[in-house]
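In the working numbering, the protein residues as written are 212 to 319. Scroll down for the structure; my scribbles are underneath it.
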Amino acid sequence: MAVNNHIPRGRASLEVLRAEAHQELDTIVEERLLSGEDPWAFMEELPTVDELVVYLLRADAIDANDGRQPSPTREYRVLRQIALEHPGLTKTVWRLLGDNGPLARQYW
212 MAVNNHIPRG RASLEVLRAE AHQELDTIVE ERLLSGEDPW AFMEELPTVD
262 ELVVYLLRAD AIDANDGRQP SPTREYRVLR QIALEHPGLT KTVWRLLGDN
312 GPLARQYW
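Below, the structure is given as structure tokens:
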């Protein structure tokens, strides 16, 4: 049986979450540069710091639900809860949920 070593972010402040996401993005960029990739080819496809924070919080919610992918309704509720708990992420959440956003689905 696989052991889950994931540590949930819990009630960390938005400042701490952003610092963690920024460090993660720095690591991704460094690894891609060290592997010889051209930054002009990949920088635009990386998420913003706030987008990564939303993705990390969403991953925590999925992990808390025994790793099951959420239904569209549950995902909408999870993302809405992220926006409510971290008002600084509200615009990012709605942009990700928007018509062409990466997390856009049919909710109604």
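Glycine is no exception: its CB is placed at the ideal position from the N, C-alpha and C atoms.
Is it right to say residue i is buried, meaning 16 or more other beta carbons lie within 10 angstroms of its own, or is it exposed?
i, result
"L307", "buried"
"A252", "exposed"
"H233", "exposed"
"T303", "buried"
"V289", "buried"
"D277", "exposed"
Excluding five sequence neighbours on each side, which residues of the same chain lie with their C-beta closer than 8 Å to the C-beta of residue i?
i, result
"L244", "P250"
"M254", "V240"
"L228", "R220, V264, L267, L268 and H297"
"Q280", "I273"
Return the chain-ordered list of same chain residues with a C-beta closer than 6 Å to the C-beta of residue i, the five sequence neighbours on each side being excluded.
i, result
"V246", "The sequence as given places Ser at residue 246; Val does not occur at that position. Excluding sequence neighbours, S246 sits near nothing in its chain."
"L314", "L307 and L308"
"E248", "none"
"T301", "A294"
Is there a Cβ from chain B that is less than 8 Å from the Cβ of residue i?
i, result
"R269", "In summary, chain B is missing from the structure at hand, where a single protein chain is found."
Apart from the five residues just before and just after residue i, which ones in its own chain have a Cβ nearer than 7 Å to its Cβ?
i, result
"E299", "It should be noted that the sequence gives Gly, not Glu, for residue 299. Closer than 7 Å at the Cβ level, and outside the excluded window around G299, lie L225."
"A230", "none"
- Stretch-stretch touch, CB-based, cutoff 8 Å, three pairs: the region 284-297 with the region 258-269: yes
- Taking the runs of the alpha helix (DSSP H) that are 4 residues or longer, which of them lie wholly in the region 249-288? 250-253 and 260-275
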